[in-house]
Each structure stands twice: as C-alpha cells, then as structure tokens.
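My numbering numbers the first residue of the sequence shown as -8 and each following residue consecutively.
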Amino acid sequence: MSKRLYTSIETTSRQAHGNPNHTVCVAFNLWPSSRLGAGMAEALPLPLLLIAVATTAVAAYCAPATPAAAAALRTSSYSHFFAFGDSLIDTGNFIHYSTAPGPVAHSPYGETFFHRPTGRWSDGRLIVDFIVERLGYPRWPPYLDGKSKEDFRYGANFAVASGTALSRRFFERKHLDVDQITPYSLAVQMRWFKQVLSMLLAASTDDDLDRREMMSSSLFLVEIGGNDYIHPLFQNRTLDWVKPLVPLVIASIGSALEALIQLGAKTVYVPGVFPLGCSPRHLFLFHGVSSAGDYDPATGCLRWLNDLTALHNSLLRAKLAQLRRDYPGVSLVYVDYYGKIMDAVASPARYGFGERTVLDACCAGGGPYNGNFTVHCSEPGAVQCSDPSVYVSWDGLHFTDAMYKIMARDLFGRLVETVGTKLVLQTAQ
C-alpha cells in the first residue's frame, strides 16, 4: 500500500463565502491515493483530495483563508511530476533540439518573469511553472536538458512545441507538409518517460514494487491534441478534412493514459483543448473569408472552430469516464482550459484584461487581431503591446503569464467540485 497521504489544502477568502474571516474546515480521509474512488476523480483540485463521509480514520483540518495560511500549506504530496504535451507547457525541449528555434529563442519571449528567453512560448511562466512552484521543487528540467538521475530527481517535462497526439508519420501519409511538425509526438514522449523511469529505478532491488510506489506517488499531466487540428488548418485543410481526426486523437491520448495507469500512475491531470476559435491567429487566418454568422455574437470567436474544440473535449471527457470505470483506483482529472479561456474572453474586466483587446495578441505581426503570423513576435516589424498583463494571448496562439496564472489558480482553487460523492465541508467564523 502506498504511504502517500493527501494532507494539505488551500483556499481563498472568496471561496470561503466571500468573508476573509471565515475558516474552511475539511475532514480528511487518511487513505492513500490508490483507495480513492472514481467518482471523485472528475474535479479534484491539485494536489488536494477531500474525502467521503463514510470513512474510518478521519481527521479534521481547519485552514484559515488568509495568504499566510495558504503559503503554509504548499508542501508537496507528490514525489515527482511528469508532463507530456506541446508548446503550452514546453519549458525548453524545442530550443534544445532545434537548429533553428525561431522567435522563442529571442526577446521579448520570457521578458515578464525570467527577463530573458527560456524556450517558453510566453512572456513569462507557463501553467506547469506554477504547478512546480506549488509543489516546491528546486529543479524540474525539460527532458532534453537533463543528463543524470539527479537531474530527474523531481521528474521531468517531456513536452515539445508543435507536438501532436498523432505521429508525424501519420500527417506525412495524409500529405501534409511536416516541416513544422516535430517528430517528438506523444508516443515518442512516452518512450522518453520510460527511459527516465528506468534511470530512476536503476538501483532498485525490487523493480516492480519500487516502480509502482514511484508511479503512485507521482503527479502526471498530459496536455496535447490542439496541434493535431492547428497544423492542418494552417495548411488550408477544411473542417471536413480535420473533423475525422478527433476520434483518432482521443484514441491516441487514451492509449498513453492507459499505458501510464498500467505502469502504476494514480493521479493524472488531462487538460482539454483551449477554444481555437478565440485564438488571434485563427481569427486572422479566417478574417475576410468568414461571414457574420460564423462568429459568436457574445464573444466574437469563430463558432465553428470552437465547436470543433468542444467536440474534442467532449470525446476526451468520455474517454476519461471510460478509463475511470476500467481503473476505479485512479484519479483522472479533466482540466477545463476551454471553459476558463471562454470565461476570460466573455468577461475580460473580471480578470483584468482589456475589453477591446481581449481577442488580440500582445506581440505578433499586426493586422486584424494583431494576429498576422507571417511576422512573428521578436522579428522586425512585429507589433508589441506595452503591458502583457492585460492580454489573454501573448503571440496569437499561446497565452500570457497573466492568463496562465489565472488558469493555475483555477486548477488549485476548486476546493469542492466533485461528482456523486458526499463530502464533509463547513465554514466557521
């Protein structure tokens, strides 16, 4: 039985019924993660799990909803963090292997937080950076930057910009130009992970037991799929061409998730695809060829493209539900990128974003939505905003440090949002 217990929570005064003097009291089940039921898996906040009433060995914990209390509760429950994906979470793999990494290797990428380009497709941090900060790891390298077992002591990031759930060879057979598609697809990233796992277990006297203990005490993030649609769309493929890819993409993601589970993973976060129809690059791409009816009047986003994204997310959630039934001891958590981005676009002032520029890129090639992708951010002629913190989109396809911070808070902050499980939760003065 795994020895790891979930024993920390965090909330905010807003969640405590809007009163900063409220204290959130939660009863904790002192069971290991492997005993948690599938009903709780849909929306468990990271890295926290709340408990069902009908348990034994229950302890009460009251957490004052203050910044100081929140800071005191950041101790990690996870021994390792492993991430798979694309440029939304790539922290340096792309620039490590590419002989021509392009704009991401130059200022103003990274300017807001790191004050230099780091290989992150943003002005600052990505959502995984906020996760690592919360977990308290001193080092968490991109896979291609690691060299030794010690480098991977806390896990690794296998994500690569332009990464896809389907293989590069698949798109080549579909007669796409694959020059802009990395060969390091999800399947390749999974092979990298197995190599790291073998390295970490090299001195093990009981490989199977130690592997399952490590896997069960680790956090996994599998964020991929958007590029499987973006690459064809930017090569003038139609919706009818792209839409049949969706079940294939979901099957590929499902296979990777099942492989992780069979290796012993117990906690896996799986984000959906963000609303592609609100992306400045896509809005620019289809500007002039779209009719008024193609746009959502409430947001200004392309309705048909968001429908494609919603289809992906719906099938992904169905796949996660199936895997929960097949593996009831595993927490598979769907992360709603789509909903959070749509909320920010629909109500920008609530998040501190500009009402008139919520669909614009902060740094890109100008034109409608500042979405011209023939001139990239950091290249001569690019148009850069003065304050990235009031923009959702950084370069037309990726998000700003400010938006990623909001997404991370949403990930951490959902104290209770479960399906079919009665929880102990009360507030007290």
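Quick reminder that beta carbons are idealized off the backbone N, C-alpha and C, glycines included.
query                                                                                                                                                                                      : result
So, does the segment 319 to 331 touch the segment 249 to 265, judging by three or more C-beta pairs under 8 Å?                                                                             : yes
Taking the alpha carbon of VAL151 as the reference point, which residue from ASP114, VAL213, ALA340 has its own alpha carbon closest?                                                      : VAL213
Have a look at TRP131 and ASN304 and give me their C-alpha separation to the nearest angstrom.                                                                                             : 29 Å
Identify whether HIS97 lies in helix, strand or coil by the three-state DSSP scheme.                                                                                                       : coil
For ILE118, which of THR82, ASP168, PHE161, ASP136 has the nearest alpha-carbon?                                                                                                           : THR82
As a quick exercise: from PRO94, SER78, TYR69, pick the residue whose alpha carbon is nearest that of GLU370.                                                                              : PRO94
Measuring CB to CB, does PRO379 end up less than 8 Å from THR90?                                                                                                                           : no
Can you tell me which of ARG160, LEU276, THR258, GLU249 puts its alpha carbon nearest to the alpha carbon of THR229?                                                                       : LEU276
Evaluate the contact criterion for the segment 137 to 148 versus the segment 354 to 373: three or more CB pairs, one atom per stretch, below 8 Å.                                          : no
To the nearest angstrom, how far is the alpha carbon of GLY362 from that of HIS273?                                                                                                        : 8 Å
Measuring straight from C-alpha to C-alpha, what distance separates CYS368 and VAL187?                                                                                                     : 34 Å
From ASN297 to SER246, what does the alpha carbon distance come to, in whole angstroms?                                                                                                    : 25 Å
Taking C-alpha atoms, which residue in GLY343, GLY127, LEU192 lies nearest to ASP392?                                                                                                      : GLY343
Under 8 Å between the Cβ atoms of GLY101 and ASP120?                                                                                                                                       : no
Of the residues HIS278, VAL374, ALA289, which one's Cα is nearest the Cα of VAL366?                                                                                                        : VAL374
Using 8 Å as the threshold, is the C-beta distance between LEU239 and LEU157 below it?                                                                                                     : yes
For my contact list, SER281 and LEU299 are in at a C-beta cut-off of 8 Å; report their separation, rounded to the angstrom.                                                                : With 8 Å as the limit, SER281 and LEU299 do not qualify as a contact, their Cβ atoms being about 14 Å apart.
Any idea what DSSP makes of LEU212, helix, strand or coil?                                                                                                                                 : strand
Can you confirm whether the segment 69 to 77 touches the segment 204 to 213 when touching is taken to mean that 3 or more C-beta pairs between the two stretches lie within less than 8 Å? : yes
Could you give the DSSP three-state label for GLY279: helix, strand or coil?                                                                                                               : coil
Return the CA-CA distance between LEU224 and GLY216, expressed in angstroms with no decimal places.                                                                                        : 13 Å
Is ASN148 helix, strand or coil by DSSP?                                                                                                                                                   : strand
Which full runs of the alpha helix (DSSP H) of 4+ residues lie inside the segment 279 to 334, going along the chain?                                                                       : 294 to 317
Sort out for me which residues DSSP pairs TYR260 with in a bridge.                                                                                                                         : LEU212, VAL324
Can you give me the C-alpha to C-alpha distance between CYS269 and ALA194, rounded to a whole angstrom?                                                                                    : 49 Å
Let's test the definition: count the other Cβ atoms within 10 Å of the Cβ of SER176 and tell me whether it reaches 16, buried, or not, exposed.                                            : buried
If I'm right that LEU135 touches ASN84 with Cβ under 8 Å, what's the distance once you round it to whole angstroms?                                                                        : 5 Å
Extract the residue ranges of the beta strand (DSSP E) inside the segment 100 to 187, only unbroken runs of 3 or more that lie entirely within it.                                         : 146 to 148
Leaving aside the five residues before and after VAL237 along the sequence, list all residues of the same chain whose C-beta is less than 7 Å from its C-beta, in chain order.             : LEU302, HIS303, LEU306
What is the DSSP secondary structure of VAL336, counted as helix, strand or coil?                                                                                                          : helix
Among the candidates VAL381, HIS278, GLY291, whose CA atom is the shortest distance from the CA of GLY358?                                                                                 : HIS278
Since GLY255 and LEU350 are thought to touch, with beta carbons under 8 Å apart, how far apart are those beta carbons, to the nearest angstrom?                                            : 43 Å between Cβ atoms; not a contact.
Alpha carbon to alpha carbon, how far is TYR325 from GLY372?                                                                                                                               : 40 Å
Distance check for TRP295 and GLY284, CA to CA, integer angstroms please.                                                                                                                  : 10 Å
Looking at C-alpha atoms only, which residue of ARG160, SER68, GLY76, PRO271 is the closest neighbour of TYR128?                                                                           : SER68
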